[in-house]
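So, in structure tokens, the structure goes:
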């Protein structure tokens, strides 16, 4: 399947759909690259990207979080799927020390967005 053509954003209709199309397409393409089963689900769905965006935008109101967009997009292709979100935070970042100074060991923490009080959808 030609995923570039499938995720083409030029013909997308709808205010919310247009607003979320680019980032949603990018996320779904990355999911396809990482997991062949995901790519196969999209390919065999017989559904368009516009159909996916319409399902995501349904009842969105004035705004919708990225987390909800990605969750609803995945569920569009995998009904009943649950998406878990995790973020790794690099506490030092890309700041390099002075030349000749030993690079500080990266300090990273992982947090979850899956607490039901934060993601009630």
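Residue numbers (the working numbering): -7 to 113.
Using N, Cα and C, we set each Cβ at its ideal position, and we do this for glycine too.
All of these numbers come straight from a predicted model, not from anything done at the bench.
Can you give me the Cβ contacts of residue i inside the same chain, cut-off strictly under 7 Å, excluding the 5 residues immediately before and after it?
{"i": "residue 47", "result": "64 and 68"}
Across which residues does DSSP place residue i in a beta bridge pair?
{"i": "residue 82", "result": "100"}
Label residue i either buried or exposed according to how many other C-beta atoms from any shown protein chain fall within 10 Å of its C-beta, with 16 as the threshold for buried.
{"i": "residue 28", "result": "exposed"}
{"i": "residue 36", "result": "exposed"}
{"i": "residue 102", "result": "exposed"}
{"i": "residue 17", "result": "buried"}
Can you check whether the CB of residue j is closer than 7 Å to the CB of residue i?
{"i": "residue 130", "j": "residue 66", "result": "No statement about residue 130 is possible, as the shown extent of the chain runs from -7 to 113 and does not include it."}
{"i": "residue 104", "j": "residue 78", "result": "yes"}
{"i": "residue 9", "j": "residue 52", "result": "no"}
{"i": "residue 11", "j": "residue 4", "result": "no"}
I'd like the list of long-range same chain contacts for residue i, defined as Cβ closer than 8 Å, with 5 residues on each side in sequence excluded.
{"i": "residue 24", "result": "-5, 30, 31 and 34"}
Considering only residues of the same chain and omitting the five flanking positions on each side of residue i, which have a CB-CB separation below 6 Å?
{"i": "residue 83", "result": "99"}
{"i": "residue 81", "result": "101"}
{"i": "residue 19", "result": "62"}
Point to revise | Any 3 or more C-beta pairs closer than 8 Å across the stretch 35 to 51 and the stretch -2 to 5 | key: yes
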